[in-house]
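Chains as they are written, first to last, in the numbering used here: chain A, 1012 to 1449; chain B, 49 to 324; chain C, 1393 to 1680. Just so you know, even glycine gets a beta-carbon here, dropped at the ideal spot from N, CA and C. Bear in mind that the values here come from a model prediction, so they are computed numbers and not experimental data.
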Amino acid sequence: MILKSALWGSAAGVCLAAGLATIATAEEITIATVNNGDMVRMQALSPAWEEQTGNTINWVVLEENVLRQNVTTDISTGGGQYDVMTIGTYEAPIWGANDWLVSLNDGMADDWNADDLLPAIRGGLTVDGTLVAAPFYGESSMVMYRRDLMEAAGLEMPEAPTWQFIREAAAAMTDRDADINGICARGKAGWGENMAFLTAMSNSFGARWFDMDWTAQFDSPEWAETLTFYLEMMAESGPAGAANNGFNENLTLFQQGKCGMWIDATVAASFVTNPEDSTVADQVGFALAPDTGLGKRGNWLWAWSLAIPASSDKQEIAKDFISWATGPGYTTLVAENEGWANVPPGTRQSLYDNAEYLAAAPFAQMTLDSINSADPTAPSVQEVPYTGVQFVAIPEFAGIATQVGQQFSDALAGNMTAEEALAAAQTLTTEEMEAAGY
Amino acid sequence: MARAISTPKKIMWTALAWGVGLLIFFPILWTFLTSFKTEATAISDPPVWFLFDWTTENYSDVLARSNYPLALMNSIIIAVGSTLLGIVIAVPAAWAMAFVPGKRTKDVLMWMLSTKMLPAVGVLYPLVLIAKYLNVYDSRIMLIVVLMLINLPIIVWMLYTYFREIPGEILEAARMDGASLGKEIIYVLTPMALPGIASTILLNIILAWNEAFWTILLTTVDAAPLTKFIASFSAPEGLFYAKLSAASIMAIAPIIVMGWFSQKQLVRGLTFGAVK
Amino acid sequence: MATQHSRTSARIMVAPAVFVLLVWMLVPLCMTLYFSFADYRPLRATFDAWIGFDNYVSFLTSDSFLSSVGVTLQMVAGILCITIGGGVVLALLLDQPMFGQGIVRILVIAPFFVMPTVSALVWKNMFFNVDNGLFSYLWRFFGAQPYDFLSQAPLFSIIVIVAWQWLPFATLILLTAVQSLSSEQLEAAEMDGAPPLSRFWHIILPHLSRAITVVILIQTIFLLSIFAEIFVTTNGAFGTRTLTYLVYQRVLESQNIGLGSAGGIVAVILANVVAIFLMRIVGKNLDN
Chain A
1012 MILKSALWGS AAGVCLAAGL ATIATAEEIT IATVNNGDMV RMQALSPAWE EQTGNTINWV
1072 VLEENVLRQN VTTDISTGGG QYDVMTIGTY EAPIWGANDW LVSLNDGMAD DWNADDLLPA
1132 IRGGLTVDGT LVAAPFYGES SMVMYRRDLM EAAGLEMPEA PTWQFIREAA AAMTDRDADI
1192 NGICARGKAG WGENMAFLTA MSNSFGARWF DMDWTAQFDS PEWAETLTFY LEMMAESGPA
1252 GAANNGFNEN LTLFQQGKCG MWIDATVAAS FVTNPEDSTV ADQVGFALAP DTGLGKRGNW
1312 LWAWSLAIPA SSDKQEIAKD FISWATGPGY TTLVAENEGW ANVPPGTRQS LYDNAEYLAA
1372 APFAQMTLDS INSADPTAPS VQEVPYTGVQ FVAIPEFAGI ATQVGQQFSD ALAGNMTAEE
1432 ALAAAQTLTT EEMEAAGY
Chain B
49 MARAISTPKK IMWTALAWGV GLLIFFPILW TFLTSFKTEA TAISDPPVWF LFDWTTENYS
109 DVLARSNYPL ALMNSIIIAV GSTLLGIVIA VPAAWAMAFV PGKRTKDVLM WMLSTKMLPA
169 VGVLYPLVLI AKYLNVYDSR IMLIVVLMLI NLPIIVWMLY TYFREIPGEI LEAARMDGAS
229 LGKEIIYVLT PMALPGIAST ILLNIILAWN EAFWTILLTT VDAAPLTKFI ASFSAPEGLF
289 YAKLSAASIM AIAPIIVMGW FSQKQLVRGL TFGAVK
Chain C
1393 MATQHSRTSA RIMVAPAVFV LLVWMLVPLC MTLYFSFADY RPLRATFDAW IGFDNYVSFL
1453 TSDSFLSSVG VTLQMVAGIL CITIGGGVVL ALLLDQPMFG QGIVRILVIA PFFVMPTVSA
1513 LVWKNMFFNV DNGLFSYLWR FFGAQPYDFL SQAPLFSIIV IVAWQWLPFA TLILLTAVQS
1573 LSSEQLEAAE MDGAPPLSRF WHIILPHLSR AITVVILIQT IFLLSIFAEI FVTTNGAFGT
1633 RTLTYLVYQR VLESQNIGLG SAGGIVAVIL ANVVAIFLMR IVGKNLDN
C-alpha cells in the first residue's frame, strides 16, 4: 500500500520535474558535497540562502569515496561541472598548488572573518599565503569512553592518557560475554580510514612515513612498535569484525554500548551524546588522544571545506554561498533550528568563546584542545619533509596509503603478521615513490 | 512434462520450491521490511520480523533529501533510450548476419563481443575528455550513446541467435512473391521476430538500468540516474540501515515491477536460442 | 539463396553496427593507448607524451599484477560454478509440478533486477556485518562465535554476492532448456529402470550443454569487469583486488593515468585472450 503510494507519488513527481525542467534560471550553482550529517543539514538549511539571494542550488550529495572520484576527475580534466566542491585538508594544498582553486583571500562577505578561523585549520587550507578553501567543520581525534564501564573497572581516565593506560583499561573493560569491547578503532583499509588512525598513532610512537630523503620508513623500529601495539591491543580488547570497521561501524557500536573506548574524530562527540541515537548518551567522557611521552599525541587534524574550482564560471555566486555556509551567520541559523550542540564545530575561535555553545556541548573544550595540539607542519617527533598529520600532502599518498592500509587491515584480520605487513608496505611504498620520481 | 503426478508428490515439490524461492528472495524481502523500521529497530538484537511499528518516515526523509523524481526519470530515459537506439542499429545487422551469413560473419560477431571486455575505468579519462570536448558531459544523450555502445554487442547477439531460429524457407517464399527487402523485413520477418525483439529490449533495459560506473562518473545533476541517487545514501556518518533500505527499495522497485510483469517474455528471450 | 544483391544489402545493414562499435572501440582505445605511453599524472600537472614502455614495465612487474589476475580468475570461476550448479538444480526443481509456479519463478528471478551497488550494500551491511548482520544472529542463535565473512573469507563473500545476482540468469536459461527436453525420452529411460542419477547424467546434462555454454559465455563477459561489488564491500582489501580493480586504483586512487592506461590495455589484451578461448568452445556449440 505504502509502496504503491510512493510509486504514485514518484510518477506525479516525474511529471512535475518534466514541467520544471523547462523553466531555466540564470543563477544556478552546482555544489558537490559529502553525505555526512553536518553537510546534509547544510543542504536542508540552504533554502534560506536561496530565498535571500534568488539563486538556486543543484546538490550533488555523495558518499565520500564516490564524491572523491567525481570531483577529482572533474578538477583534473577541467570539467567545470561544479561551482563549489567539498574537499578535505589533504586535497586543498595539492589542488591549490596546481592553481585549480579560486583564492578566497578576497571577495568574501564582510562579516566572514578569516582571522576568526582556528590557526591550525586555516594553515592547513592555505597555499603560499592564499586561502584556497573555507573550512565547514574541523575535527581532530580524541578518546571517547564510557564513564560507567571505566568506573566498574576501577580505573580513572586521566585528561591526557598514555597508550599503555588505554591498552590496560581496554583489557579491564572488555567483557566479551556481555558483548563489550574495551577498545574500538578503525581497521577498515583506506588512507582516510585505518591509515588516518595509524599514521596519527605512529606519530606519537615517534614513527614517520618518510625520512628527509623521502625514503619510506616502514622498516623502522618505531613503525614495528606502533603496528604491534595496535594489533595486540585490538586482539585483546577489540571487536570481532575490527578489520572491516571504519568510522560508521564504530559509531554504531559505540552508540549500541558495545565499546568501552573509541578513539576517533572529535565530530563524533555530538553523535554519541545525542540521546536520540545513542543508548549511552549520558555516560560518555572525553580525553585527549593518547601519547607515549615522546611529546606528540596521536591525534589528527582534518577539515571538510568548501572550495571553488577555477573552472567554475559562477565564482562570485559561489563565494557568496561559501560566505554564507561557513560564516558566523550560519552558526546562528543552525543553533536556532537544531540547537547549539549541532553547530558545525572546529573552525572558528568565536564559537569556543560562546558561552551558550560551551554549555550545550560538553565536548567543546576537548575538541578545541585537540585541534590546537595538532601541528601539520611538524607532525612527528622526528623531522619530516612533508606536511600533514595523518596524511602526507603529496598526490601519491592516497594511492600508496590505501594499499598500505590493505596490508595493515589484513594483519588485523589475522591473515598476516605485523612483520609481513610492514615488509609489504615498505616494498610497495618504495616502488611507488621511485616511480613517482623521488 | 505432462505426466500424471500424485498430489502428495506435488505438495512436496511445492514446499521445496517455495522454500528455495523464498530463500533466494529473502535479501530483497529483508531490505523491504527494514525500510519500514526505525533505525533502532533495524539493528535490534534479536532481529524483528513483522511485529514492529511500521513507519514511512525513512521514505519521506529520503524524498526530502534528494531529487528522486529527476533521478527516476533519468534512469527511465537512459535505460529505454539506449535500448531502443541499440535495437535500431542492431536489428538490420543481426538480420543480415542471420540470413546472409558470409565468411566473416562469425569473426565479426566474436569481435563485437570482445569490445564488451574493455575495462570501463581504463577508458575513463579518454571518455571524460571527449565528453568535455563535445560539451555533452552530464547529458542524457551522452549516457544513452555510451550505454547503447556497451550493450550493443549483447543486443546483436541476442537478436542474431533469435533470428536464426526463423526458418529461411518462409523468407524465400516471400521473395518469390516479389517482396522487396524492406517489405520482407517489415511484413514477414518482424512479426515472427517480435517476441525475440521484445525480450531483448527487456533484458537490455535491465542491464542499462543497473549500470553503475558510467552513470555515476559521467553525470553531475541533470542526467544523474538512480545509481547516483543510491551513492548519496550508501555510507553516511553512522549506519543508517533503514534509510539505506528505503533508498534501495526506491531504486530497484520500478525495475522489479517491470521485470515481474514481463517475466514471461524475458524467459523466452534469455534462452538465446539455446533451446531446440 | 544469397544473391549478389542481397549480399551487398547485407553488408550495408551490418555496417552501422560495425561502424559505431569501431568508433567506440578505436577512439577511446587509441587515446588509452596514447596515454599508456605517456607520463600523465594530472595531480602533479605532469604530462610527458612519450616515456616508452615504462608504464607497461612497472604495471607488469609489480607484485599486485599477477595476484590480481589470479584473483580475477578465481572469482569468475567460483561464480560460474555456483551459478551453473545452482542453476541446473533450480531449473530442474522449477520444472516439477507444483502450486504457484509463476510466483516461485518471480521470486527466483528477482535478484537479477537489483543494482550491483544495492545488492553489495545490502549483503555487506545487513548480512555479513559481524555485529549487526543477520548471519551473526544466526550463528549466535546456534551458539557459535559470529564469523567475520568479509575479512576471513572475503573472496567467498564477494562470490556469494555476485552469484546471488547471476543465479537467476543461469536458472532462466537452463529452465527453458529443461522444459524443451522431450518427456518421451525421459519416460522411456524411466521404463528401462534407469536410476534418477544416471538419467540426469546421460540424458538431461547432455541436453543442457548448449545452454550451459551460453551461460558461461555471457556471464564471463560481465564477470570480468566486476567492480561495484568489490568497491562497496572490501575496497580491494584482503586479497580481493581483481585486474579491473587494480586498474581502477591506478587511475582514480593514485591518479596515475599513464600507468592505469597501460593496465587497461593489458586488461583488454587478457580479456581478448579469454574471449578467443571462449569463442572456440562456444562457437562450436552454437553451430548446430
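Residue burial classification, B:Tyr210 (beta-carbon count within 10 angstroms, cutoff 16)
buried
Mind checking who C:Thr1438 pairs with in its DSSP beta bridge?
C:Arg1433
Enumerated in chain order, which unbroken segments of the beta strand (DSSP E) with a length of 3 residues or greater are wholly contained in the region 1196-1253 of chain A?
Fully enclosed beta strand (DSSP E) runs of 3 or longer: not present.
Do C:Thr1475 and C:Leu1559 have their C-beta atoms closer together than 7 Å?
The answer is yes: Cβ separation under 7 Å.
With DSSP as the reference, identify every bridge partner of A:Tyr1148, one or two as the case may be.
In the DSSP output, where bridge partners are listed per residue, A:Tyr1148 has A:Trp1315.
Anyone know if the C-beta pair for A:Gln1401 and A:Arg1219 falls short of 7 Å?
no
Since A:Glu1039 sits in a beta bridge, which residues does DSSP pair it with?
A:Thr1067
Cross-chain neighbours of B:Phe73 in chain C, by beta carbon under 8 Å:
Leu1499, Val1500, Ala1502 and Pro1503
Any beta carbon from chain A within less than 7 Å of C:Asn1627's own beta carbon?
yes
How about B:Trp262: is its Cβ closer than 6 Å to a heavy atom in the ligand MN?
With respect to the ligand MN, the structure offers nothing, as it holds no ligand at all.
How long is the line joining the alpha carbons of B:Lys180 and B:Ile135, rounded to whole angstroms?
Spanning the two alpha carbons is a distance of roughly 27 Å.
Inspect the CB distances between the region 163-177 of chain B and the region 222-237 of chain B and report whether three or more fall short of 8 Å.
no
The beta strand (DSSP E) enclosing A:Ile1274, as first and last residue numbers
A:Ile1274 -> beta strand (DSSP E) spans Cys1270 to Ala1276.
C-beta atoms of A:Glu1327 and A:Gly1257 nearer than 7 Å
no
Any idea what DSSP makes of A:Tyr1341, helix, strand or coil?
helix
Could you give the uninterrupted runs of the beta strand (DSSP E) lying entirely in the region 1052-1105 of chain A, keeping only those of 3 residues or more?
1067-1073 and 1095-1098
Nearest-angstrom Cα distance between A:Ser1215 and C:Leu1542?
31 Å
Mapping DSSP to helix, strand and coil, what is C:Phe1427?
helix
Closest to B:Leu77 by C-alpha separation, out of B:Phe98, B:Ser92 and B:Thr86, would be which residue?
B:Phe98
In terms of residue numbering, what span does the alpha helix (DSSP H) encompassing C:Val1463 cover?
Asp1455 to Leu1486
What does A:Gly1149 reach in chain B if we use C-beta pairs closer than 7 Å?
Simply none; closest approach about 15 Å.
From the DSSP output, in three-state form, read off A:Ala1164 for me.
Of the three classes helix, strand and coil, the one that applies to A:Ala1164 here is coil, per DSSP.
Just how far apart, CA to CA, sit A:Leu1142 and C:Pro1420?
38 Å
Indicate whether the contact test is met: 3 or more Cβ pairs, each with one atom in the region 1437-1444 of chain A and one in the region 1132-1151 of chain A, closer than 8 Å.
No, the region 1437-1444 of chain A does not touch the region 1132-1151 of chain A.
Would you call the region 1443-1463 of chain C and the region 1663-1674 of chain C in contact, with 3 or more CB pairs under 8 Å?
no
Hey, could you find the ends of the alpha helix (DSSP H) B:Leu77 is sitting in?
Thr55 to Thr82
According to DSSP, is A:Val1395 part of a helix, a strand, or is it coil?
Looking at A:Val1395 - three-state DSSP - the assignment turns out to be coil, as it is neither helix nor strand.
Along the region 152-173 of chain B, what residues have a CB closer than 9 Å to any CB found in chain C?
Thr153, Lys154, Val156, Leu157, Met158, Trp159, Met160, Leu161, Ser162, Thr163, Lys164, Met165, Leu166, Pro167, Ala168, Val169, Gly170, Val171, Leu172 and Tyr173
Starting from A:Gly1296 and walking both ways along the alpha helix (DSSP H), at which residues does that stretch end?
From DSSP, A:Gly1296 is part of no alpha helix (DSSP H) but of the beta strand (DSSP E) over Val1295 to Leu1299.
Any Cβ of chain B within less than 7 Å of the Cβ of A:Val1295?
Cβ-Cβ to chain B under 7 Å: no for A:Val1295.
Do we get a CB-CB distance below 7 Å when we pair A:Ser1248 with the residues of chain C?
no
Residues in the same chain with beta-carbon distance under 7 Å from C:Val1480, minus the five sequence neighbours each way, listed in chain order, please.
Leu1566 and Leu1600
Using the Cβ count rule (16 or more neighbours within 10 Å means buried), how would you classify A:Leu1115?
buried
At the level of alpha carbons, what is the spacing between A:Ala1043 and A:Gly1309?
31 Å
Option nearest C:Ser1617 by Cα separation, candidates C:Ala1629, C:Val1468 and C:Gly1652:
C:Val1468
Of all the residues that make up the region 1653-1668 of chain C, which are near chain B by a beta-carbon distance shorter than 8 Å?
Ser1653, Gly1655, Gly1656, Ile1657, Ala1659, Val1660, Ala1663, Asn1664, Val1666, Ala1667 and Ile1668
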